[in-house]
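Peer 1: Submitted below is the structure of interest, expressed as structure tokens.
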Amino acid sequence: MKSLLITGGAGFIGSHLVRFMVNKYPEYRIINLDKLTYAGNLENLRDVEEKKNYLFVKTDINDAEAVKKVFEEFDISGLIHLAAESHVDRSITNPTEFIYTNIVGTVNLLNAARHKWKDDMEDHLFYHVSTDEVYGSLGDTGLFTETTAYDPRSPYSASKASSDHLVRAYFHTFKLPVVISNCSNNYGGYQFPEKLIPLMIHNISNNKPLPVYGKGLNVRDWLYVEDHATAIDLIYHKGDHGETYNIGGNNEWRNIDLVKLLCKIMDEKLGRAAGTSEKLITYVTDRAGHDLRYAIDSSKLQNDLGWAPSLHFNEGLEKTVDWYLANEEWLNNVTSGDYQKYYDKMYEER
Ligand code: NAD
Ligand code: TYD
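465 is the number that the working numbering gives the last residue of the sequence shown; the numbers go up by one with no jumps.
This is the structure:
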């Protein structure tokens, strides 16, 4: 049985990927390595935890010895690395955590893989999951391609850029087989409600103000999380070693238009009069260094590997709203504990 290690598998994208891989490849043993930070939640994986080909190991990637031990204990054929601190606002309040987990944690995994796989390097793969934010910010036109120069501008994107560079350096220096993908903003169920879409859904449900940063004119390119999982699967199995693939949905939205669309969908779902939820929109102080626009050219992935996103945005967004409305208990659980403290502090400062 081949063992595939997925780091960060208890998080948003990771849990969708773990579920997808466990169900699609019963012949693989899927090992989910996660520290279970505030963003990691085993509740996200209740439906696969009993499967024979699934295993969870609670490990901190910042602990080099613990990471090495996982590689010693399991005969790992390949790794898909998603574990990270992932929220830009938190990287502005506390950059250091991002440096440890996103950079040092990645190096710990690279070192463990390099040493463990040294005799048959070519039979293995280190897949690093990254973000389009490493390319910086676009003006009104243009798209990020795989050759766009790196220009990260937040502590989060700088830490991810650094990890991308290190992964490439291990490919060139140590011949470690690697592949990297840089994806645009994901949305879907199981996303922690600090990110735009689940935060707005949660606040609309609870009749709380909808904090739109600045004038709401920043643009993001949204991809349904399950489409990200199919892209990762394809790249893991068919991508060329040493290559980078951009993943994106060709689906740009200004934040304010997206929030208004969410309000409209939620009014319908909650049986509220049209326009009710929009009244909750509150413009707040902009995020420091707020990148204006991200937009991805994913033609390399589409042409070389035949990937395409499956869902139209309206359909994906409606599915997502339905998921949060049906999973109120999940939302209540993840917003208990420290969440309210985080939220209040974040918005008090705006
Ligand atoms: P997330 O914050 O929901 O999940 C991150 C997971 O990593 C959590 O389960 C957490 O417990 C785990 N983790 C954090 N620190 C760890 C540590 N020290 N050791 C072990 N596990 C640790 O993040 P996400 O949105 O699912 O993003 C996953 C990956 O995809 C990240 O690498 C992120 O940079 C990248 N990415 C995210 C998006 C997006 O829109 N969310 C887009 C492109 C790329
Ligand atoms: P976010 O989901 O944090 O993703 P990222 O910053 O990685 O793109 O934010 C998406 C966009 O929404 C971004 O332009 C910031 C904005 N935003 C708000 O206007 N209000 C909010 O409460 C949040 C969390 C984000």
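Even glycine gets a Cβ: it sits at the ideal position worked out from N, Cα and C.
Based on the DSSP output, what are the partners of T359 in its beta bridges?
Peer 2: DSSP, once it has assigned bridges, lists I295 as partnering T359.
Peer 1: Sorted by chain position, which residues of the same chain lie with C-beta nearer than 8 Å to L349's C-beta, five sequence neighbours on each side aside?
Peer 2: L416, L420, G421 and W422, listed in sequence order.
Peer 1: Let me make sure I understand the geometry here. Which of D355, L120, I218 and R335 has the alpha-carbon closest to that of Y271?
Peer 2: The option with the nearest alpha carbon to Y271 is I218.
Peer 1: So, with DSSP's three-state summary, where would you put V399?
Peer 2: Three-state DSSP puts V399 in a strand.
Peer 1: Would you say D348 touches the ligand NAD, meaning its beta carbon is less than 7 Å from a heavy atom?
Peer 2: No - the ligand NAD has no heavy atom lying nearer than 7 Å to the Cβ of D348.
Peer 1: Would V399 and N370 qualify as a contact pair, given that the criterion is a beta-carbon distance under 8 Å?
Peer 2: It is not a contact, given that the beta carbons lie outside the stated cut-off.
Peer 1: Could you tell me which uninterrupted alpha helix (DSSP H) segments, each at least 4 residues in length, are contained entirely in the stretch 153–189, listed from first to last along the chain?
Peer 2: Fully enclosed alpha helix (DSSP H) runs of 4 or longer: 179–188.
Peer 1: Under 8 Å, do S425 and I347 count as touching if we go by C-beta distance?
Peer 2: The answer is no: Cβ separation not under 8 Å.
Peer 1: Taking the beta carbon of S451 as the centre, do at least 16 other beta carbons fall within 10 Å, making it buried, or is it exposed?
Peer 2: Answer is exposed; the Cβ neighbour count stays below 16.
Peer 1: State buried or exposed for P313, treating a residue as buried only when at least 16 other CB atoms are found within 10 Å of its CB.
Peer 2: That one is buried.
Peer 1: Near M137, which residues of its chain fall below 7 Å by C-beta distance, leaving aside the five closest residues on each side in sequence?
Peer 2: Checking the displayed sequence, the identity of residue 137 turns out to be Val instead of Met. Only I145, V163, K166, N168 and Y169 meet the Cβ criterion.
Peer 1: Taking its Cβ as the centre, do 16 or more other Cβ atoms sit within 10 Å of G254, making it buried, or is it exposed?
Peer 2: When all chains shown are included, G254 counts as exposed.
Peer 1: Below 8 Å on the Cβ atoms is my contact criterion, and I expect I207 with A403 to pass it. Report the Cβ-Cβ distance as a whole number of Å.
Peer 2: Yes, they are in contact, since the Cβ atoms of I207 and A403 sit about 6 Å apart, within 8 Å.
Peer 1: If we count the other Cβ atoms within 10 Å of its Cβ and call it buried at 16 or more, is N147 buried or exposed?
Peer 2: Label assigned to N147: buried.
Peer 1: Within the continuous beta strand (DSSP E) that includes S192, where are the two ends?
Peer 2: Counting along the chain, the beta strand (DSSP E) containing S192 begins and ends at I191 to H196.
Peer 1: Grouping DSSP H, G and I as helix and E and B as strand, with all else coil, what is N300?
Peer 2: Three-state result, N300: strand.
Peer 1: Rank M116, V334 and C298 by C-alpha distance to the C-alpha of Y140 and give the top, closest one.
Peer 2: If we check each option's Cα against that of Y140, M116 comes out closest.
Peer 1: Among E237, H230, F241 and S269, whose alpha-carbon lies nearest the alpha-carbon of D249?
Peer 2: Looking at the sequence itself, residue 249 is Val, so the reference to Asp does not match. Nearest of E237, H230, F241 and S269 to V249, Cα basis: S269.
Peer 1: State the CB to CB distance for the pair N301 and R408, rounded to an integer number of angstroms; the pair is presumed to be in contact (CB under 8 Å).
Peer 2: The pair is not a contact, with the Cβ atoms about 17 Å apart (cut-off 8 Å).
Peer 1: Rounded to the nearest angstrom, what separates K323 and I411 at their Cα positions?
Peer 2: Their backbone Cα atoms lie some 32 Å apart in a straight line.
Peer 1: Can you give me the Cβ contacts of L446 inside the same chain, cut-off strictly under 7 Å, excluding the 5 residues immediately before and after it?
Peer 2: Closer than 7 Å at Cβ, skipping near neighbours: P308, H317 and Y439.
Peer 1: Compute the beta-carbon to beta-carbon distance between T435 and G331, rounded to the nearest angstrom, for a pair I have assumed lies under 8 Å.
Peer 2: 20 Å between Cβ atoms; not a contact.
Peer 1: Tell me the start and end of each unbroken alpha helix (DSSP H) in the stretch 395–448 that is at least 4 residues and wholly inside, in chain order.
Peer 2: 414–420 and 428–441, all fully within the stretch 395–448.
Peer 1: Could you give the distance in angstroms between the alpha-carbon of K379 and the alpha-carbon of S392?
Peer 2: Approximately 7 Å between the Cα atoms of the pair.
Peer 1: Looking at the ligand TYD, does it come within less than 7 Å of K456, judged from the CB to the closest heavy atom?
Peer 2: For the ligand TYD, not one heavy atom lies less than 7 Å from the Cβ of K456.
Peer 1: How big is the Cα-Cα spacing for G390 and D372?
Peer 2: Rounded to the nearest angstrom, the two C-alpha atoms are 14 Å apart.
Peer 1: Helix, strand or coil for H243? Go by DSSP, reduced to three states.
Peer 2: DSSP places H243 in strand when its eight states are reduced to three.
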